[in-house]
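Working notes, structure below.
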């Protein structure tokens, strides 16, 4: 996911490498910063985002001790929702949830106005929310949410200097916003969630983008034992032979499973919900929280600095204003040829 690579580019030098280094090795962190190790990157970013939110909550509690009452009320609403005693709409529309969101937003605005470092880390959380929305849109098959998440990615790509992704996403949004008018049939299918592929009907949270499905099926079968990259030549004859035999091999596999009374399916339990995974997440969460307690991302100083080394950024560094800079770049793209457009 290039969005994760853009986040790594923008946060480079902020101290995020050292923080993620508390739960991952040096090589893994390097891949995370470039957006290559997607699963590890998402896990690390989500854990860090949770710890940052906890720090904001702690600051609110120090100013408003009565805030704990709202948190307790929200916890009670959640406990009622889990066994199914109340509907989700009542939880989402509760005044408690909106009041908590308003208080946290007000505190975040206060921290951003006081310190450039705090503003950068709060913007980091905003970018992580965009990444989560992008994943949620694909998993649930929400077309409008997908377009909204892509539009939120544009200023991030622009600020990170990822021009190819910026121009491609910009052109994609232009085309898709006119889809309802140009091709109503395809638009209705996309609105029904058919812009993603579901390889399983076991879960609602199972939509996958076409590129991921190709990687998980065709490319995977190419690279495992019996594939073209394992002992076979990549000549035209071998490619045709392998492609034509793939459906037959799949049919044989299904029949052999029926004959042996065995079925190769995935478990209904998500791998992230296993006891071992939950325990490891909790342990890593404590490691990151301990690191942030020692090196706070919300300092008293107004300057922009690396929270680990304490080195202040030069005056010309403006990464904490990345959304404003990205939107300025987007404004200059209007009415310009997309493939010849260039910016600094």
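Residue numbers (the UniProt record's numbering): 1 to 344.
Cβ coordinates follow ideal geometry from the N, Cα and C atoms, glycine included.
Let me confirm a value: residue 106 is counted as buried when at least 16 other C-beta atoms fall within 10 Å, else exposed. Which label applies?
Here the question's residue 106 lines up with position 106 in the chain shown. Per the 10 Å Cβ criterion, exposed.
What does the alpha-carbon distance come out to for the pair residue 278 and residue 44?
As a position in the chain shown, residue 278 is number 278, starting the count at 1. As a position in the chain shown, residue 44 is number 44, starting the count at 1. One C-alpha to the other measures close to 14 Å.
Keeping to the same chain, check which residues put their C-beta closer than 6 Å to that of residue 190; ignore five residues upstream and five downstream.
What you label residue 190 is simply residue 190 of the chain shown in a count that begins at 1. These residues qualify, in order along the chain: 143.
Classify residue 164 as helix, strand or coil using the three-state DSSP reduction.
Start at 1 with the first residue of the chain shown, and residue 164 comes out as number 164. Residue state, collapsed to three classes: helix.
Count the other C-beta atoms from every protein chain shown that fall within 10 angstroms of the C-beta of residue 311, then say buried if there are 16 or more, exposed otherwise.
Locating residue 311 in the chain shown gives position 311, counting from the first residue. So residue 311 counts as exposed.
Can you grab the Cα-Cα spacing for the pair residue 157 / residue 325, in whole Å?
For this step, residue 157 is matched to residue 157 along the chain shown. For this step, residue 325 is matched to residue 325 along the chain shown. Approximately 11 Å between the Cα atoms of the pair.
Compute the beta-carbon to beta-carbon distance between residue 70 and residue 99, rounded to the nearest angstrom, for a pair I have assumed lies under 8 Å.
Position 70 of the chain shown, counted from the start, is the residue given in the question as residue 70. Position 99 of the chain shown, counted from the start, is the residue given in the question as residue 99. With 8 Å as the limit, residue 70 and residue 99 qualify as a contact, their Cβ atoms being about 6 Å apart.
Please say whether residue 196 and residue 138 have beta carbons closer to each other than 8 Å?
Sequence index remark: in the chain shown, residue 138 carries index 138 (1-based). Sequence index remark: in the chain shown, residue 196 carries index 196 (1-based). Result yes, Cβ atoms of residue 138 and residue 196 sit closer than 8 Å.
Straight-line Cα distance separating residue 125 from residue 72:
Translated into the one-based positions of the chain shown, residue 72 becomes position 72. Translated into the one-based positions of the chain shown, residue 125 becomes position 125. Between residue 72 and residue 125, the C-alpha separation is close to 24 Å.
Using DSSP's beta-bridge definition, name the partner residues of residue 207.
Translated into positions along the chain shown, residue 207 becomes position 207. Answer is 198.
Which residues in the same chain have their Cβ closer than 7 Å to the Cβ of residue 162, if we skip the five residues on either side of it in sequence?
Position 162 of the chain shown, counted from the start, is the residue given in the question as residue 162. Contacts found: 2 and 6.
Residue 282 to residue 58 span [Cα, whole Å]:
Along the chain shown, one-based indexing puts residue 282 at 282. Along the chain shown, one-based indexing puts residue 58 at 58. Rounded to whole angstroms, residue 282 to residue 58 spans 19 Å at the Cα level.
Using 10 angstroms around the beta-carbon of residue 61, count the other beta-carbons present and answer buried if the total reaches 16, otherwise exposed.
By one-based count along the chain shown, residue 61 stands at place 61. Label assigned to residue 61: exposed.
Can you look up residue 2 in the DSSP assignment and give me helix, strand or coil?
Within the chain shown, residue 2 is the residue found at index 2, counting from 1. Three-state DSSP puts residue 2 in a helix.
Sorted by chain position, which residues of the same chain lie with C-beta nearer than 8 Å to residue 131's C-beta, five sequence neighbours on each side aside?
To locate residue 131, count along the chain shown from 1; it is residue 131. Closer than 8 Å at the Cβ level, and outside the excluded window around residue 131, lie 1, 3, 4, 7, 42 and 45.
Which residue's Cα is closest to the Cα of residue 238: 218, 246 and 228?
Indexing the chain shown from 1 puts residue 238 at position 238. Ranking the options by Cα distance to residue 238, first place goes to 228.
Rounded to whole angstroms, what is the Cα-Cα separation between residue 159 and residue 18?
Against the chain shown, residue 159 aligns to sequence position 159. Against the chain shown, residue 18 aligns to sequence position 18. Spanning the two alpha carbons is a distance of roughly 23 Å.
Checking 8 Å against the spacing of the C-beta atoms, do residue 208 and residue 51 come in under that value?
In the chain shown, the residue the question calls residue 208 occupies position 208. In the chain shown, the residue the question calls residue 51 occupies position 51. Going by C-beta atoms, residue 208 is not nearer than 8 Å to residue 51.
Exposed or buried, which one is residue 177 when buried takes at least 16 other CB atoms within 10 Å?
By 1-based counting over the chain shown, the position of residue 177 is 177. Exposed, since its Cβ has fewer than 16 Cβ neighbours within 10 Å.
With DSSP collapsed to three states, give me the class of residue 27.
For the purposes of this step, residue 27 is identified with residue 27 of the chain shown, where counting begins at 1. It is helical.
Unbroken alpha helix (DSSP H) runs of length 4 or more, entirely within the region 220-253: which are they?
220-223
Considering only their Cβ atoms, is the gap separating residue 16 from residue 24 smaller than 8 Å?
Position 24 of the chain shown, counting from 1, holds the residue named residue 24. Position 16 of the chain shown, counting from 1, holds the residue named residue 16. No, they are not a contact pair.
Using beta-carbon positions only, say whether residue 303 and residue 118 come within less than 8 Å of one another.
Within the chain shown, residue 303 is the residue found at index 303, counting from 1. Within the chain shown, residue 118 is the residue found at index 118, counting from 1. No; because the gap between Cβ atoms is not below 8 Å, this pair is not in contact.
Extent of the continuous alpha helix (DSSP H) run through residue 311
Locating residue 311 in the chain shown gives position 311, counting from the first residue. Taken as a continuous stretch (DSSP letters only), residue 311 belongs to no alpha helix (DSSP H), as it is neither H nor E.
Cβ-based neighbour list, residue 242, same chain, cut-off 6 Å, excluding 5 preceding and 5 following
Within the chain shown, the letter at position 242 stands for residue 242. Closer than 6 Å at the Cβ level, and outside the excluded window around residue 242, lie 228.
If we ignore side chains and look at the alpha-carbon of each, how far apart do residue 257 and residue 272 end up?
Your numbering for residue 257 matches position 257 in the chain shown. Your numbering for residue 272 matches position 272 in the chain shown. About 28 Å.
Helix, strand or coil for residue 132, going by three-state DSSP, please let me know.
Here residue 132 refers to the residue found at position 132 when the chain shown is read from its first residue. Correct three-state label for residue 132: helix.
Quick one: grab the DSSP three-state call for residue 280.
Within the chain shown, residue 280 is the residue found at index 280, counting from 1. DSSP places residue 280 in helix when its eight states are reduced to three.
On a Cα-Cα basis, can you pick out the residue from 167, 330 and 262 that is closest to residue 155?
In the chain shown, the residue the question calls residue 155 occupies position 155. Cα-wise, what sits closest to residue 155 is 330.
Give the single residue among 38, 40, 55 and 245 whose Cα lies nearest to the Cα of residue 297.
As a working mapping, residue 297 is identified with position 297 in the chain shown. Looking at the Cα atoms, 55 is the closest of the given residues.
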